[in-house]
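Numbering (mature numbering (1 follows the signal peptide of the UniProt record, and there is no 0)), first residue to last: -21 to -1, 1 to 182. Ideal Cβ positions, reconstructed from N, Cα and C, are used throughout, including at glycine.
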Amino acid sequence: MLRKYIYHLFLLFSYVRSSQSNQTLKLNGKKEGLPGLPLVYPIGGTLKLLAGCTIPIAMPGRILIHSQNIQFQFALPQNATFFSNYFTSRSLRRRRQSDIIPERSIFYQFLEEELLRRGNPGKDCIKRSICESAETPLRDDGLVGEIFHVLLTPDYGGLLGVDEEYGKAAEIGRRGDDCLKTYPSCPEGFGILDRISKIFDHD
């Protein structure tokens, strides 16, 4: 009786194992049949990166939020020669010189116009924010801090196409000079980082 029970149990286990193997083969066959992502897009395409923040505003009896978004667009390669031309460039500087639009310069120009529209001294406030970011780096403050560190570091990857005054502002911050005294036309409370962060003295 015991042998018969063990024999039936063995047959059941073999059937279950065989069924699982067949299902695995079917799934693998389906996966292998799926087309892979293309490297080039002959009819063109655009890759969009959207970064933004939403801040709730306290108002009794109402729900109000303030949202700001920044969108970056990158054209997808239409021909495989894009990769060969890219890697045959002799240096990063030459590759950057081949770019038509200096993205970082456009970002600072947009930021300056936005600050001027709000009644703030645009360029000086950007320089003060760059100075403060260099003086107290934000790269260790999570993802948001890393993003602000990259955006507010004008010489991140080279100063090509960026106003030299922004590079000087970063150098002033790295030397540890007082950014508020260096840029008095942008008083405390008007800087970009004043709205989202605060520096505390640990002494």
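Item: Integer-rounded CB distance, given that residue 169 should sit under 8 Å from residue 104; Value: 6 Å
Item: Same chain, Cβ closer than 6 Å to residue 165, neighbours up to 5 away in sequence not counted; Value: 100, 103, 104 and 107
Item: Same chain, Cβ closer than 6 Å to residue 3, five either side skipped, listed in chain order; Value: Low local confidence applies: a pLDDT of 47 at residue 3 is under 50, so the model's placement there is unreliable, with the coordinate-based value given in what follows. Answer for residue 3: no residue qualifies.
Item: Cβ distance (whole Å) where residue 34 is taken to contact residue 44 below 8 Å; Value: 7 Å
Item: Buried or exposed by the 16-neighbour rule on C-beta atoms within 10 Å, applied to residue 53; Value: exposed
Item: Residue 93, buried or exposed, once every other Cβ within 10 Å from all chains shown has been counted against 16; Value: exposed
Item: Beta-ladder partner(s) of residue 48, from DSSP; Value: 31
Item: beta-carbon residue 56 near the ligand FAD non-hydrogen atom, thresh 7 Å; Value: In the structure shown, the ligand FAD is absent, as is every other ligand, since no ligand is present at all.
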